[in-house]
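Please read the structure below before turning to the comments.
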Amino acid sequence: MSNQKYLIRGASLLGEDTADILVADGTIARVGQGIEADGADVVEAQGLVALPGLVDVHTHLREPGREDAETVETGTRAAAAGGYTAVCAMANSNPVADTAGLVEQVWELGRQAGWADVHPIGAVTVGLEGERLSEIGAMADSRAAVRMFSDDGKCVHNAVLMRRALEYVKTFDGVVAQHAQEPLLTDGAQMNEGSVSADLGLAGWPAVAEEAIIARDVLLAQHVGSRVHICHVSTQGSVEIIRWAKQRGVDVTAEVTPHHLLLTDESVRSYDPVYKVNPPLRTREDVDALRDAVADGTIDVVGTDHAPHPVEAKECEWACAAMGMTGLETALSIVQQTLVETGRIGWGDVARIMSTEPARIARIDDQGRPLAEGEPANIVLVDPAAHRVVEPEKHQSKGRNSPYRSLEIPGAVQATFFKGHPTVLDGHINTPRALVAQAD
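In this text, residue positions in the sequence shown follow our numbering: the first is 1, and each later residue adds one.
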């Protein structure tokens, strides 16, 4: 580990008190006023908000098998640029991450890249086929120490398999992250079912297809006494079901994506496939309900659902286009725009929904920690007064399928410290942290 020291001077901790932060040997050595440190590189942070390094519970890194869309290296470089120090990599690679060997491979690729911690998410079922459980226990016992399992991209629609998965992960405090989509209700669906789909003549994707699975799974989780996490919640009805379940004491957590906090199905009128996503963009009423649900704690975290695709998969007719949007490099700005600047939450809440709670849900002990002495130096410095125009061609991700192209958004990451090393400095990508060999 590098012995380089950094003195972050005058940052606003969680948007409140101003303090200096001394980073040394990968940890926060001191926090206070007027710190002096001989030999330390000084990072002037007046006007910047300091947050714990962001943690994403929902990232698609595509490797192995789809390196044309993204790799662990490019995806985690994008994560660093967005202020993230840890990402959870979804299992729908090719081959699927449904074995101990595969999740260890992804975990090791993350270690070698050095931009952020990579925590693989294991598949719930073999090949995401929904027919038999994968090597859940072996993945949990592997070097990757998997604690989160999901067939994301597909729903675990078989209730018996879902129950067994919930029972299995309970034995080691794991969690099943469900992609809530009843397949029979969404066969051939292209966008949200509603007035816009009727106008455009596109097959509709009803809200009930999401809500029915969530209702079933919170009841299963209550019956089993296990943890369940709901991926990319998108409807007002889903929010109401999750709120009801939490009131009943069900151990359920939920996430929302940045794009579901900002965009609506009105964008689809352009027929631009960049707006084609799963679950689909919903209505303004849904967006408002999602924002309120984050503010009142019904929705626990923001997950990017970063889903990069090669250009040819998006620059084609709507019906043939792949579903998904990039998100790692814009997520913090969209949260600032939709939640902070609308007065729903403060920067301390941003730390909770984008760092502390994601780390807790995924059981990542050394991430999402307080900005306090002795804690790991995973820190992001954001300039809330900055404004920038989204230019996907300048992103670190291979994916260019950002729905925010040419949009002016607030906030800019000025520095990201990953285990004490600046992967982003002065608003520019720096170098990955030099990793040392670690014991198994």
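All C-beta atoms in this analysis are idealised placements derived from N, C-alpha and C, irrespective of residue type, glycine included.
Burial state of residue i (16 or more Cβ within 10 Å)
i      : result
Tyr168 : buried
Asp187 : exposed
Ser333 : buried
Trp347 : buried
Pro183 : exposed
Val340 : buried
Trp107 : buried
Lys394 : exposed
His387 : exposed
His223 : exposed
Trp205 : buried
Ala377 : buried
Ser406 : exposed
Gly368 : buried
Thr171 : exposed
Ala415 : buried
Gly34  : exposed
Ala437 : Below a pLDDT of 50, predicted positions are generally treated as unreliable, and Ala437, at 34, falls in that range; no measurement from the model is reported.
Glu408 : exposed
Gly174 : buried
Per DSSP, cross-strand counterpart(s) of residue i
i      : result
Met325 : His306
Asp56  : Val87
Thr125 : Leu133
Ile353 : Paired residue(s): none; Ile353 is not in a bridge.
His119 : Cys88
Thr18  : Ser12
Asn192 : Trp205
Asp41  : Tyr6
Met148 : Val175
Ile379 : Pro52, Phe417
His387 : Pro410
His223 : BP columns for His223 are empty, so no partner.
Residue of the options minimising C-alpha distance to residue i
i      : options                        : result
Ala180 : Ala203, Ala212, Gly201         : Ala212
Lys5   : Arg282, His60, Ile28, Thr416   : Ile28
Arg433 : Ala116, Ala79, Asp173          : Ala116
Arg111 : Gly83, Arg77, Gly130           : Arg77
Ser150 : Ser142, Asp141, Ile136, Ala144 : Ile136
Ser397 : Val389, Thr283, Met325, Phe418 : Met325
Ser142 : Gly32, Pro410, Ile121, Glu70   : Ile121
His259 : Lys246, Pro280, Glu73, Gly153  : Pro280
Gly32  : Leu200, Ala372, Asp383, Leu425 : Ala372
Leu262 : Lys170, Asp292, Thr416         : Asp292
Leu200 : Ala69, Pro358, Asp272          : Asp272
Thr463 : Leu425, Gly10, Val380, Gln414  : Shown here, the chain extends from 1 to 440; a query on residue 463 therefore has no answer.
Leu220 : Arg248, Leu54, Val233          : Arg248
Val156 : Leu7, Lys170, Glu131, Asn94    : Glu131
Asn92  : Val55, Arg66, Leu166           : Arg66
Met354 : Tyr404, Thr342, Val335         : Val335
Ala359 : Glu70, Ala215, Ser197, Val57   : Val57
Thr264 : Ser197, Gly225, Pro310, Gly343 : Ser197
Distance between residue j and residue i (C-alpha atoms, nearest Å)
i      : j      : result
Gln190 : Val87  : 29 Å
His60  : Val239 : 24 Å
Glu44  : Glu63  : 37 Å
Val218 : Ala40  : 51 Å
Leu13  : Val118 : 26 Å
Tyr275 : Gly399 : 14 Å
Ala313 : Gly427 : 31 Å
Ala207 : Gln236 : 9 Å
Gly15  : Ala351 : 10 Å
Met1   : Gly26  : Below a pLDDT of 50, predicted positions are generally treated as unreliable, and Met1, at 44, falls in that range; the measurement from the model is reported next regardless. Using only the alpha carbons, I get a separation of about 8 Å.
Val277 : Ile230 : 17 Å
Leu202 : Met323 : 15 Å
Gln337 : Asp383 : 13 Å
Leu328 : Thr18  : 27 Å
Gly420 : Glu375 : 10 Å
Arg282 : Glu210 : 12 Å
Val390 : Gly114 : 26 Å
Val294 : Ala80  : 24 Å
Ala140 : Gln105 : 14 Å
Ala412 : Arg284 : 26 Å
Ala331 : Gly82  : 7 Å
Gly10  : Gly47  : 8 Å
Asp68  : Asn94  : 12 Å
Asp305 : Arg30  : 35 Å
Lys246 : Ala89  : 27 Å
Val146 : Val49  : 32 Å
Thr71  : Arg227 : 30 Å
Task: Given 8 Å, three or more beta-carbon pairs between the segment 95-107 and the segment 116-129 - done: yes
Task: Inter-stretch contact at 8 Å, needing at least 3 Cβ pairs: the segment 336-350 / the segment 307-321 - done: no
Open item on the list: Taking contact to mean 3 or more Cβ pairs, one atom from each stretch, closer than 8 Å, check whether the segment 241-257 and the segment 294-304 are in contact.
Closed with: yes
Open item on the list: With three or more C-beta pairs closer than 8 Å as the rule, is the segment 355-368 touching the segment 281-290?
Closed with: no
Open item on the list: Any contact between the segment 266-276 and the segment 18-28? By contact I mean 3 or more CB pairs, one from each, below 8 Å.
Closed with: no
Open item on the list: Closer than 8 Å is the cut-off here; do at least three beta carbon pairs connect the segment 154-168 with the segment 189-205?
Closed with: no
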